[in-house]
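Report on the structure given below.
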Amino acid sequence: MALPFLPGNSRSTNLEKERFHKSQHFTRADGLPMLVGAEKPGIGGQPLVGQKVKPKCSLEPEGKDSDLPSWVAFDKQALCFDAYFQEAVSDVQEGGTRIRKCKIYFYPEDDTIKVVEPACKNSGIPQGTLLRRHRIPLPPPNEEDFYNVYHFNVNQQVALYSRTFTVTDCDSFTRNFLTNQGVVVNAPAEMPADPYSNLREQLEDSLKPLRPYERRDTLRQFLDHDGQVLRFSCFWDDTESTFGDLRELVLHYYLVDDTIEILEIVPPNAGRDALPKFLRRGRLPKRPSAQMKLPGQITTRTVLNVFDSENQGTRYLLDNRKTGAVQEDFYQDCDLTLGGEVNVMGRRVILTDCDDFTKDYYRSKYGIEDFTPVQYTAAPAPRPPRLVPPYNGFGSEEDSLRSCMGLLPKPPQKDFHKFMLKDRFDKSNALVLNFLAKMVTTDPIDQERVFNISFHLCDDSISVFERPQKNSGLTGGRFLQRCRVKKPGQELFKSEFSECFTAQDLFIGATLCLRSKNFRILDADEYTLNYMKEHSEEFPKANIGNILSKLRSVSEEKQTEIRKFLTLSDPSNSGSLPYDSFRSLLIGLDCGLCEHEALVLGRCFSERSQPEADVGLMLAVAQDLLRRKDFDQFPHMLRSFSFQDRQKTGRLSTDEMRTICKGIRLPLSENLLQGLLRKFSDADEVDYHAFVAGINWTEHPAAPVLPEDVLKFDVNPRCDVDGAAVNIVNYSGLLKDVFTSLPGSSNPPAAAATATATAE
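In this note's numbering, the protein residues as written are 10 to 769.
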């Protein structure tokens, strides 16, 4: 009677089974999808009837905590073991075994093994890779499993395909790897001697003929001293012979092969042929024989002709007895010393000096510190001074001097370094100093003439331009072409160069004689004053330190007069007074202050405020100028700015913006362009999209402007020397720095501190 399939009455093995899925053809092995193939299991992952599942390889050793796959975690890692195996040798009469040493490499990334036997010279057996890299199964009866990392240890045997390998040692990486996996690594074992190899060595030694052979190892000397040469200065005294003289020589000692070479220094107009070498390179004997030996005759070895046959050829051997060898001493580096003598084929050559490398060589190798050169000739007589003929009045003095220095006159050389340093454009301004001057004359008409004096710093040249004035009867224009101007009162026809005006001779209050006319400098532009202040070490008149030193030298009586003068000039005790009063006070001190120094001091302690330009007015003026010039290449400007903006940040530096604007010929004056870039800049970077949108009169037109507004920005500031005047001077700060403080002064301390900081 069959029992019903009730719980507890069934023999089915699937009652406790929870997985009934159909197995797929793909699975994940070591983190990678792989094809299962013939190892595909049945329902629920159970193996099919008669199916044998291959054991998995131990890709991840125990204790390795990593989420990376093994082929990444153990990439380029290999365990190296030293091992050997014995092999029977049957081709010898006594028989025996051969010990073959090899290397076993185990790769933990996929449990593969590789066995390599190092190649031995003339072994007669194939060597190299004995087992290529692959997984090796264990010996029977466990042939279904494979070797893993735990099957290897030092001082134990491993059977690989019917060959038994004895592991003797491993490297430090392998030892640390096994120790980290919990394996106790045994002590290393000794590699047994190979009896067959010893027998082969004995046979080879017995077959070797007793041939005389002497090995001379020169490779070490070549590798250590290749390219190193000792250089000595020397001479040979040949004055005893007829028409003989003192011959200067240079001796080269080559450390690579201990050879010597001597060259001769032939002075000009010596009447002697310049031979390429005084002594060709070779080993120099200390005691040369009376008769020169033939090439190959001087040798340390003797060659014996032991066999000579027309059919068999010629055989040579080296003489072990060295019969006929010539023993001769040659000069070494230890024989060369300063003041020493070298016998060069019977000629006495005295060493006098050496170069720095030779000194370092002897100092490091022999400990020699004294390298005093040998004086063998008298000191050369001083050359007589070369008299220069006086200037003849034709051309410039430099041209006349060059014509006296050779048959073919060359143009005079200019100071190229000074030209490159100061004949450049700093932003938009060339290095030119501009001054305002008038004539010093009694003629009332000439007294009203106004001149602009320009001094070019690149070549110290001066040019003078007269300002045209209406109804003056004078046309104006160029008064003096650009040239160097000589100072007055010098002799015309003389051998020395005439002294010309320099930049230090031009300052406010100075008098210049140009074209036999005296000019007095009255003012300078803002750029000139700022440049002289920045380079105060070159311009003493603009050095505030020197000016303050002159003021500190004033006596106490003068200081009392200064206090009284300031009290009368400033009845409200405000600490400020007009510049004219301040200037008259400084000039009347009799301490050597000039007009320029008074102006510099007034500018340092002045109270000046520059009006801030309106951005809207500047953009309106710029659009008006661009509209009149019919300039509408704004898309081209944006493309140029975007091309220069490599990082695509929408911003460029001020210099790059100005360069691009000049490259596309933007018709704006330099003053207006610099002002716009300054207004749009933030940390020396300009938003070029906002800049182009502001000046784009086609898309964003601005309100019309008046003609006087255009003139405010359309004038080059370098051509106008006005604007450098000082109106109000804060004298309290000057008194605090130079003299004692005024008694009862009510000047706010903040103003005095500000003036002091300005002076510093």
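Virtual Cβ for every residue (Gly too), placed ideally from N, Cα, C.
A quick note: this is a predicted structure, and the numbers were derived from the prediction, not measured.
- CA-CA distance, valine 397 to alanine 390, rounds to 21 Å.
- Scanning its chain for C-beta atoms nearer than 8 Å, with the 5 sequence neighbours on each side dropped, one finds around threonine 450 the residues Gln456, Lys526, Asn527, in chain order.
- Counting only runs of at least 3 residues, the stretch 663 to 743 fully encloses the following beta strand (DSSP E) elements, listed from N- to C-terminal order: 694 to 696, 737 to 739.
- With a minimum length of 3 residues, the unbroken runs of beta strand (DSSP E) contained wholly in the stretch 126 to 171 fall at 137 to 143, 165 to 169.
- Distance between lysine 85 and proline 117, taken at the CA atoms: about 10 Å.
- Ser678 is the residue among Lys688, Ser678, Ala692 whose C-alpha sits nearest the C-alpha of valine 719.
- The DSSP-derived three-state label of asparagine 207 is helix.
- Nearest C-alpha to alanine 299 among Ile269, Asp282, Arg356, Thr268: Arg356.
- Assignment of aspartate 266 by DSSP, reduced to helix, strand and coil, places it in the coil class.
- Non-local C-beta neighbours of lysine 496 in its own chain, meaning closer than 7 Å and more than five positions away in sequence, comprise Glu508, Cys509, Phe510, ordered along the chain.
- Rounded to whole angstroms, the gap between the alpha carbons of aspartate 514 and aspartate 469 is 11 Å.
- A distance of 8 Å or more separates the beta carbons of arginine 561 and valine 695.
- A contact is defined here as three or more CB-CB pairs under 8 Å, and the stretch 633 to 645 meets this definition with respect to the stretch 700 to 718.
- Look at valine 81 here: in three-state DSSP terms it is helix.
- Scanning its chain for C-beta atoms nearer than 8 Å, with the 5 sequence neighbours on each side dropped, one finds around leucine 440 the residues Lys431, Asp432, Arg433, His465, Leu466, Cys467, Tyr540, in chain order.
- Here the alpha carbons of leucine 260 and arginine 290 stand approximately 10 Å from one another.
- Per DSSP, the unbroken alpha helix (DSSP H) holding proline 453 starts and ends at 453 to 456.
- In the three-state reduction of the DSSP assignment, methionine 429 falls in the helix class, which pools H, G and I.
- Across the set Gly53, Ile52, Ser32, Val58, the C-alpha of Ser32 shows the shortest separation from the C-alpha of glycine 46.
- In the structure shown, tyrosine 114 falls within a strand segment according to DSSP collapsed to helix, strand and coil.
- Sequence-distant partners of glutamine 237 (beyond 5 residues in either direction) whose C-beta falls short of 6 Å from its own C-beta, in its chain, are Leu264.
- Annotated three-state conformation of leucine 626 is helix, per DSSP.
- Following the DSSP letters along the chain, one finds proline 587 in no alpha helix (DSSP H) but inside the beta strand (DSSP E) bounded by residues 585 to 587.
- Nearest in C-alpha terms to valine 624, of all of Arg172, Phe460, Arg687, Val158, is Arg687.
- The beta carbons of serine 741 and glycine 597 sit no closer together than 8 Å.
- Inclusion of glutamate 257 and phenylalanine 241 in the CB contact set at 8 Å is not warranted, their separation being larger than that value.
- In its chain, beyond the 5 residues on either side, Phe650, Leu686, Val695, Tyr697, Phe700 have a beta carbon closer than 8 Å to the beta carbon of methionine 666.
- Counted as a single uninterrupted DSSP element, the alpha helix (DSSP H) harbouring glycine 611 occupies residues 604 to 613.
- In this structure, Leu681 is the residue among Thr576, Leu681, Gly672, Pro587 with its C-alpha nearest to the C-alpha of leucine 628.
- Taking 8 Å as the cut-off, the Cβ atoms of cysteine 179 and cysteine 111 do not count as close.
- Here leucine 417 is not near valine 383, since their CB atoms are 8 Å or more apart.
- By the criterion of a C-beta distance shorter than 7 Å, glycine 518 is surrounded in its chain by Ile530, Cys603, Glu604, His605, once the five residues flanking it on both sides are discounted.
- Two segments are said to touch when three or more pairs of C-beta atoms, one from each, lie closer than 8 Å; by this definition the stretch 182 to 197 touches the stretch 157 to 171.
- For phenylalanine 380, the three-state secondary structure derived from DSSP is coil.
- In this structure, DSSP gives alanine 390 a state outside helix and strand, which the three-state scheme calls coil.
- In the structure shown, the three-state DSSP call for lysine 286 is coil.
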